[in-house]
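Asker: Just passing along the structure, written as structure tokens.
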Ligand code: FES
Ligand SMILES: [Fe+2]
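Chains as they are written, first to last, in the working numbering: chain A, 1 to 440; chain B, 1001 to 1159.
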């Protein structure tokens, strides 16, 4: 889609410390974001463990509309293909996941394709004879995306042929994907326990901005922290067995000082995380059986190193946010200027006791579920913002916190945990992507 | 099973539904046994609440935390309030559970009014009931949405 928003106009919407409300409310801006951010960046598609067997597929959208399929072929290689028949365009698969036995078969006129997308057969092919149609022309295959890449099983794809390779694009933020996987005694994770899908009636950028907005938890989540703390404290000593719920919920009430101390680190292309030395997940119980497996695999010192890199949220702008210490991820799927879906996937640390997965699932359920104790209050404030921004009182939102105090290091920018470094990082990327010349 | 008065069971389920309609979580929780649980799976025919994700899986401690949060003045997702209308039908006795509780299945349609909008939830309930001196208590309530895998919107109350 082509719009008429000029570079100057786009540029004027993002100031160093203010954002124009059109970023959240203007459908033309949204369409342009889909084309220039989601249509260029490496977008998280899924994890290889979601397609363990030959012919297994997982279908999703790479932009608000463009349907793609992650599929495993006979050689065990994972592909990301456009979910579109080369003939007249029908989607090849409709379900979110399944298995394609032998070949993709189009439900419309029956063209069939190998798992890697190569056209195999057209019914009643004789009709094409002498028409100039070439069945061997690769344009008659299911088309691969411009580039796909996998890092430790995390599969990304981009619609841009100009994007740098995945590892370069991930940059220093790759440490967090490594840390998530290293928390497995076998150094490998796999998706387990299903998915939660949570519809958000607001602009997709609100959740990204909220991840490392550490000025909000003690306000937005005050009620559940108080409810949990007061009640658990009131339980008789006989009932005070450690409840994992307390460990998970109470740190959302951490002080400004604690969050400031955890720090924020930003990278090129909009990636950032908060925490590192410490985070709100740093005090989780280390289960003895897990610790034993870790020490056996890595030795004491390396094990301590792995635990001690403790981040809260890492954003791989714009589609993926991970929690290394919790072992779950959230995937953002925009739909319209005021609508998106968040998927929460949980991971099993291979070689770790099942209690670890159970804690991950408990976290996902308590915090990220649409019927959870934390997520609904986050969504409520996003919705209030979406609605409030329609006010004519002002065209701007501000993000001045700790402006001018960020420290530029070799490959990253570091700053205080309660500053707006995360905002500066992602909106620098927003501007670069929207200019159309991010990979120039 | 002939000694079970199905009318009394129906009355009990209607009374439970009426408490959720208001909603009066304080009284509703009292219908559960001390070890009672409430489960809303996130997948069809889900067999396990711990090794698979669920929308909700609460014991009495979590129910009380949820209740306190529900009425907390600073829980902004609860500012707009919620009202519900539960319709329960097709109530059937479905035998006994392994621990000898009475298993009762039913269909529900719930219309929720929340944030100035009406939403519809539908599915089946499975209640595990324990006889008490003067009636029944809920050991387990399972809520099977017809669309547990679909993107869900915020749900701030038990169904
Ligand atoms: S559209 Fe697929 S075979 Fe015709
Ligand atoms: Fe939050």
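Where is the CB? At the ideal position from N, CA and C, for every residue including glycine. The structure presented is a predicted model; accordingly, all values stated were derived computationally and were not measured.
What are the residues in the segment 228–239 of chain A lying within 9 Å of chain B by C-beta distance?
Answerer: Within the segment 228–239 of chain A, the residues whose Cβ lies closer than 9 Å to some Cβ of chain B are 228, 230, 231, 232, 235 and 239, listed in chain order.
Asker: Tell me the rounded alpha-carbon separation between residue 151 of chain A and residue 167 of chain A.
Answerer: Within the first chain, numbered from 1, the residue matching residue 151 of chain A stands at position 151. Within the first chain, numbered from 1, the residue matching residue 167 of chain A stands at position 167. Whole-angstrom Cα-Cα distance: 8 Å.
Asker: If the cut-off is 8 Å on Cβ atoms, which residues from the segment 1049–1061 of chain B count as contacting chain A, listed in chain order?
Answerer: Answer in chain order: 1050, 1051, 1052, 1053, 1054, 1055, 1056, 1057 and 1061.
Asker: Step through the CB atoms of chain B and report whether any lies within less than 8 Å of the CB of residue 1 of chain A.
Answerer: Within the first chain, numbered from 1, the residue matching residue 1 of chain A stands at position 1. Interpretation of residue 1 of chain A is limited by its pLDDT of 48, a score under 50 that renders its predicted location unreliable; the figure taken from the coordinates is listed afterwards. Taking Cβ atoms only, chain B never reaches closer than 8 Å to residue 1 of chain A, which makes this a no.
Asker: Under 8 Å by Cβ, that's how I've got residue 78 of chain A and residue 155 of chain A pegged, so tell me the actual separation to the nearest angstrom.
Answerer: On the first chain, position 78 is the one that residue 78 of chain A refers to. On the first chain, position 155 is the one that residue 155 of chain A refers to. Residue 78 of chain A to residue 155 of chain A, Cβ: 6 Å. Contact.
Asker: Quick check on the burial criterion: 16 or more other C-beta atoms within 10 angstroms. Buried or exposed for residue 102 of chain A?
Answerer: Counting from 1 along the first chain, the entry for residue 102 of chain A is found at position 102. Result: exposed.
Asker: Any chance the CB of residue 210 of chain A is under 7 Å from a heavy atom of ligand 2?
Answerer: For the purposes of this step, residue 210 of chain A is taken as the residue at position 210 of the first chain. At least one heavy atom of ligand 2 is nearer than 7 Å to the Cβ of residue 210 of chain A, so yes.
Asker: Distance cutoff 8 Å, beta carbons only. Does residue 1162 of chain B sit that close to anything in chain A?
Answerer: Outside the displayed range of chain B (1001 to 1159) lies residue 1162 of chain B, so it cannot be described from this structure.
Asker: When the Cα atoms are used, what is the spatial distance from residue 36 of chain A to residue 378 of chain A?
Answerer: Looking up residue 36 of chain A in the first chain gives position 36. Looking up residue 378 of chain A in the first chain gives position 378. Using only the alpha carbons, I get a separation of about 27 Å.
Asker: Can you give me the start and stop residues for the beta strand (DSSP E) that residue 345 of chain A sits inside?
Answerer: To locate residue 345 of chain A, count along the first chain from 1; it is residue 345. It spans 339–349 - the beta strand (DSSP E) in which residue 345 of chain A sits, taken as one unbroken run.
Asker: Give me whichever residues DSSP pairs with residue 314 of chain A in a beta bridge.
Answerer: Position 314 of the first chain holds residue 314 of chain A. Paired residue(s): A/273 and A/322.
Asker: Just grab the DSSP bridge partners of residue 1065 of chain B for me.
Answerer: Counting from one through the second chain, the residue named residue 1065 of chain B turns up at place 65. According to DSSP, which records beta bridges pairwise, residue 1065 of chain B is partnered with nothing at all.
Asker: Output, in chain order, the set of chain C residues within a Cβ distance shorter than 7 Å of residue 198 of chain A.
Answerer: The chain labelled as chain C is not found among the protein chains of the depicted structure, namely A and B.
Asker: Residue 348 of chain A to residue 46 of chain A, Cα distance in whole Å?
Answerer: Translated into positions along the first chain, residue 348 of chain A becomes position 348. Translated into positions along the first chain, residue 46 of chain A becomes position 46. When rounded, the distance between both Cα atoms is 15 Å.
Asker: Between A/323, A/186 and A/389, which has its C-alpha nearest residue 291 of chain A's C-alpha?
Answerer: Locating residue 291 of chain A in the first chain gives position 291, where the first residue counts as 1. Taking only the C-alpha atoms, the option nearest residue 291 of chain A is A/186.
Asker: Please state the DSSP three-state secondary structure of residue 408 of chain A.
Answerer: In the first chain, the residue the question calls residue 408 of chain A occupies position 408. Three-state result, residue 408 of chain A: strand.
Asker: Would residue 289 of chain A count as contacting chain B if we go by Cβ distances under 8 Å?
Answerer: If you number the first chain from 1, residue 289 of chain A lands on position 289. Not one chain B Cβ lies under 8 Å of residue 289 of chain A.
Asker: Can residue 40 of chain A and residue 180 of chain A be called in contact, C-beta distance under 8 Å?
Answerer: Residue numbering aside, residue 40 of chain A sits at position 40 when the first chain is read from its first letter. Residue numbering aside, residue 180 of chain A sits at position 180 when the first chain is read from its first letter. Contact flag unset, no.
Asker: Between the beta-carbon of residue 149 of chain A and the beta-carbon of residue 38 of chain A, is there less than 8 Å?
Answerer: Here the question's residue 149 of chain A lines up with position 149 in the first chain. Here the question's residue 38 of chain A lines up with position 38 in the first chain. No, they are not a contact pair.
Asker: Taking the Cβ atom as the reference point for each residue, do residue 196 of chain A and residue 1053 of chain B lie within a distance shorter than 8 Å?
Answerer: Here residue 196 of chain A corresponds to residue number 196 of the first chain, with the count starting at 1. Here residue 1053 of chain B corresponds to residue number 53 of the second chain, with the count starting at 1. Yes, the Cβ-Cβ distance between residue 196 of chain A and residue 1053 of chain B is below 8 Å.
Asker: Can we say the segment 271–281 of chain A touches the segment 415–425 of chain A, given the rule of at least three CB pairs closer than 8 Å?
Answerer: Counting Cβ pairs under 8 Å, three or more are found: they touch.
Asker: With hydrogens ignored, establish whether the beta-carbon of residue 374 of chain A is closer than 7 Å to any heavy atom of ligand 2.
Answerer: Here the question's residue 374 of chain A lines up with position 374 in the first chain. The answer is yes for residue 374 of chain A.
Asker: Answer with yes or no whether the minimum CB distance from residue 1064 of chain B to chain A is below 8 Å.
Answerer: For the purposes of this step, residue 1064 of chain B is identified with residue 64 of the second chain, where counting begins at 1. It does; some Cβ of chain A falls within 8 Å.
Asker: How long is the line joining the alpha carbons of residue 235 of chain A and residue 245 of chain A, rounded to whole angstroms?
Answerer: Numbered from 1 along the first chain, position 235 holds the residue referred to as residue 235 of chain A. Numbered from 1 along the first chain, position 245 holds the residue referred to as residue 245 of chain A. Roughly 14 Å between the two C-alpha positions.
Asker: Do residue 1159 of chain B and residue 1121 of chain B have their beta-carbon atoms positioned less than 8 Å apart in this structure?
Answerer: Translated into positions along the second chain, residue 1121 of chain B becomes position 121. Translated into positions along the second chain, residue 1159 of chain B becomes position 159. Yes; because the gap between Cβ atoms is below 8 Å, this pair is in contact.
Asker: Between the segment 369–381 of chain A and chain B, which residues of the former have a C-beta closer than 7 Å to a C-beta of the latter?
Answerer: Cβ contacts with chain B: 369, 370, 371, 373, 376, 377, 379, 380 and 381.
Asker: Given a cut-off of 8 Å, decide if residue 328 of chain A and residue 364 of chain A are closer than it, judged by their beta-carbon atoms.
Answerer: Taking the first chain and counting its residues from 1, the one referred to as residue 364 of chain A is at position 364. Taking the first chain and counting its residues from 1, the one referred to as residue 328 of chain A is at position 328. Closer than 8 Å, so yes.
Asker: In the DSSP assignment, find the unbroken alpha helix (DSSP H) run with residue 174 of chain A in it and report its ends.
Answerer: Locating residue 174 of chain A in the first chain gives position 174, counting from the first residue. That run of the alpha helix (DSSP H) goes 174–182.
Asker: Sort out for me which residues DSSP pairs residue 334 of chain A with in a bridge.
Answerer: To locate residue 334 of chain A, count along the first chain from 1; it is residue 334. DSSP lists A/340 as partners of residue 334 of chain A.
Asker: Can you give me the C-alpha to C-alpha distance between residue 300 of chain A and residue 358 of chain A, rounded to a whole angstrom?
Answerer: Here the question's residue 300 of chain A lines up with position 300 in the first chain. Here the question's residue 358 of chain A lines up with position 358 in the first chain. Each residue's alpha carbon lies about 25 Å from the other.
Asker: Assuming contact is defined by CB atoms lying nearer than 8 Å, are residue 439 of chain A and residue 163 of chain A in contact in what I supplied?
Answerer: The count along the first chain starts at 1 and reaches residue 439 of chain A at position 439. The count along the first chain starts at 1 and reaches residue 163 of chain A at position 163. Yes, the pair counts as a contact, with Cβ atoms nearer than the cut-off.
Asker: For ligand 1, is there a heavy atom less than 7 Å away from the beta-carbon of residue 109 of chain A?
Answerer: Here residue 109 of chain A corresponds to residue number 109 of the first chain, with the count starting at 1. At least one heavy atom of ligand 1 is nearer than 7 Å to the Cβ of residue 109 of chain A, so yes.
Asker: Candidates B/1043, B/1124, B/1084 and B/1100: which alpha carbon is nearest residue 1020 of chain B's?
Answerer: As a working mapping, residue 1020 of chain B is identified with position 20 in the second chain. Taking only the C-alpha atoms, the option nearest residue 1020 of chain B is B/1084.
Asker: CB of residue 139 of chain A to nearest heavy atom of ligand 1: below 7 Å?
Answerer: The count along the first chain starts at 1 and reaches residue 139 of chain A at position 139. No - ligand 1 has no heavy atom lying nearer than 7 Å to the Cβ of residue 139 of chain A.
Asker: Taking the continuous alpha helix (DSSP H) assigned at residue 301 of chain A, which residues delimit it?
Answerer: By one-based count along the first chain, residue 301 of chain A stands at place 301. First-last of the alpha helix (DSSP H) with residue 301 of chain A: 300–308.
Asker: Below 8 Å on the Cβ atoms is my contact criterion, and I expect residue 58 of chain A with residue 320 of chain A to pass it. Report the Cβ-Cβ distance as a whole number of Å.
Answerer: Stepping through the first chain from its first residue, residue 58 of chain A is reached at position 58. Stepping through the first chain from its first residue, residue 320 of chain A is reached at position 320. 15 Å between Cβ atoms; not a contact.
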